[in-house]
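To start, the structure itself, in structure tokens.
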Amino acid sequence: MNGKSMLALAVAALTLLVVSNSVYVVKETERAVLLEFGKMVQADLKPGLHFKWPMINEVRKFDGRVLTLDTAPQNFMTVEKKGMIVDYFAKWKIQDVDKFYTATGGDEMTADRLMAQRINEGLRNQFARRSLLDVVSGERDELMEKLTQNLDDFSRSSLGIQLIDVRVKQIELPPEVSGSVYSRMTSEREREAREHRSKGKEQAEFISADADRQKVVVEAEAYRDAERIRGEGDAIAAATYAAAYNKDPEFYTFVRSLNAYKKAFQNKDDIMLVDPDSEFFRYLKDAQGKK
Numbered sequence: 001m002n003g004k005s006m007l008a009l010a011v012a013a014l015t016l017l018v019v020s021n022s023v024y025v026v027k028e029t030e031r032a033v034l035l036e037f038g039k040m041v042q043a044d045l046k047p048g049l050h051f052k053w054p055m056i057n058e059v060r061k062f063d064g065r066v067l068t069l070d071t072a073p074q075n076f077m078t079v080e081k082k083g084m085i086v087d088y089f090a091k092w093k094i095q096d097v098d099k100f101y102t103a104t105g106g107d108e109m110t111a112d113r114l115m116a117q118r119i120n121e122g123l124r125n126q127f128a129r130r131s132l133l134d135v136v137s138g139e140r141d142e143l144m145e146k147l148t149q150n151l152d153d154f155s156r157s158s159l160g161i162q163l164i165d166v167r168v169k170q171i172e173l174p175p176e177v178s179g180s181v182y183s184r185m186t187s188e189r190e191r192e193a194r195e196h197r198s199k200g201k202e203q204a205e206f207i208s209a210d211a212d213r214q215k216v217v218v219e220a221e222a223y224r225d226a227e228r229i230r231g232e233g234d235a236i237a238a239a240t241y242a243a244a245y246n247k248d249p250e251f252y253t254f255v256r257s258l259n260a261y262k263k264a265f266q267n268k269d270d271i272m273l274v275d276p277d278s279e280f281f282r283y284l285k286d287a288q289g290k291k
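Numbering of the sequence shown is given in UniProt numbering, commencing with residue 1 and proceeding in unit increments.
Quick look at the structure:
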């Protein structure tokens with residue numbers, strides 16, 4: 001290989017090196033700034049292919065996706081001066097690249113540390129105004145929303161970070177506190193149970209008394225209706241008997257006598273002492289019933 005070839009190869013290699021150090025790509029999931037001798041000259045570079053001056057410009061890239069801040073559990077005090085161990089996490093992402101780089105130097109660990117300090121302070125202040133029951137009950141969601149809103153305003157203006165959410169993963173009590181707290185919670189639940197049982201018993205007695213009253217009313221109304229229907233039936237029967245008797249009194253008397261004979265002679269062991277001339281044997285002596 002002659003000198004010209006070596007020179008051409010060296011020039012090609014140098015050109016490739018210059019081009020490779022001059023071209024860079026910003027991905028859709030990244031945020032980037034362009035520095036010139038360490039000073040920012042362009043913030044929030046758009047995704048795509050870009051060019052820079054080798055040895056003069058430097059590109060710093062940061063993760064533009066939603067990141068998670070997960071710190072070690074912290075000790076906080078409630079308004080009753082009871083300690084608790086709170087484990088939480090936060091979701092955040094870069095909002096203003098210029099402010100983010102200026103405040104943190106582009107270091108995510110520095111951003112996590114600064115955010116953790118503010119969140120710990122906010123949680124400490126919020127928990128110090130609430131009781132243990134409020135912290136572990138439904139007010140916790142309201143507390144987290146208010147804390148997130150307050151810290152988001154600070155993080156946007158000071159760190160260029162959007163704080164998306166802060167959530168408590170777990171709340172534990174120190175061993176020296178958990179016993180008394182659990183005892184008090186048990187007493188509260190037992191008191192509520194007694195109140196519910198008392199109200200249930202009162203309602204049961206009211207329902208039972210009302211059912212007994214309704215039973216008496218229904219039975220009385222049923223007895224009244226039954227007596228009325230029975231009376232109406234007796235009246236109709238008496239009227240029917242009277243009408244039949246008036247149509248043929250002799251036949252009616254004959255039928256009654258036959259029924260009386262049937263009942264009198266039903267049992268063969270019975271003995272009857274009756275005067276032969278009694279009215280009872282009227283139709284036995286004469287089919288016409290003549291005396």
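Even glycine gets a Cβ: it sits at the ideal position worked out from N, Cα and C. No experiment lies behind these values; they were computed from the predicted model shown.
Exposed unless 16 or more other CB atoms sit within 10 angstroms - verdict on residue i
i                : result
isoleucine 119   : buried
glycine 233      : exposed
glutamine 126    : buried
leucine 258      : exposed
phenylalanine 51 : exposed
glycine 160      : buried
methionine 251   : The amino acid occupying residue 251 in the given sequence is phenylalanine; methionine does not appear at that position. So phenylalanine 251 ends up on the exposed side.
glycine 106      : buried
isoleucine 94    : buried
phenylalanine 76 : buried
Integer-rounded CB distance, given that residue j should sit under 8 Å from residue i
i           : j              : result
valine 166  : tyrosine 88    : 6 Å
arginine 31 : valine 79      : At roughly 41 Å, the Cβ-Cβ gap does not stay under 8 Å, so arginine 31 and valine 79 are not in contact.
leucine 69  : aspartate 112  : 5 Å
alanine 116 : threonine 71   : 5 Å
lysine 91   : isoleucine 164 : 4 Å
leucine 147 : leucine 123    : 7 Å
Under 8 Å between C-beta atoms of residue i and residue j
i              : j             : result
methionine 185 : valine 168    : no
residue 293    : valine 86     : Nothing in the structure corresponds to residue 293, since the chain is present only between 1 and 291.
serine 155     : glutamine 149 : no
proline 54     : glutamate 28  : no
glycine 83     : proline 174   : yes
Below 8 Å, can you find three or more Cβ-Cβ pairs linking the region 124 to 131 to the region 52 to 60?
No, they do not touch.
Validate contact between the region 189 to 203 and the region 97 to 106 using beta carbons, cut 8 Å, 3 pairs
no
Does the region 63 to 76 come close enough to the region 33 to 40 that 3 or more CB-CB pairs lie under 8 Å?
Because the criterion of three Cβ pairs below 8 Å is not met, the region 33 to 40 and the region 63 to 76 do not touch.
Scan the region 74 to 125 and note each continuous beta strand (DSSP E) run of 3 residues or more that stays entirely inside, going in chain order.
Listed in chain order, they are 74 to 77, 83 to 94.
Pick out the complete beta strand (DSSP E) segments inside the region 192 to 231, 3 residues or longer, and give them in chain order.
Every candidate beta strand (DSSP E) stretch fails here, since none sits fully inside the region 192 to 231 while reaching 3 residues.
Whole runs of the beta strand (DSSP E) within the region 18 to 50, excluding any shorter than 3 residues:
Fully contained in the region 18 to 50 are the following beta strand (DSSP E) runs of length 3 or more, in chain order: 23 to 26, 30 to 36, 39 to 43.
Can you check the region 144 to 178 for any beta strand (DSSP E) of at least 3 residues that lies completely inside it and give the ranges in chain order?
Listed in chain order, the complete beta strand (DSSP E) runs (minimum 3 residues) inside the region 144 to 178 are 161 to 172.
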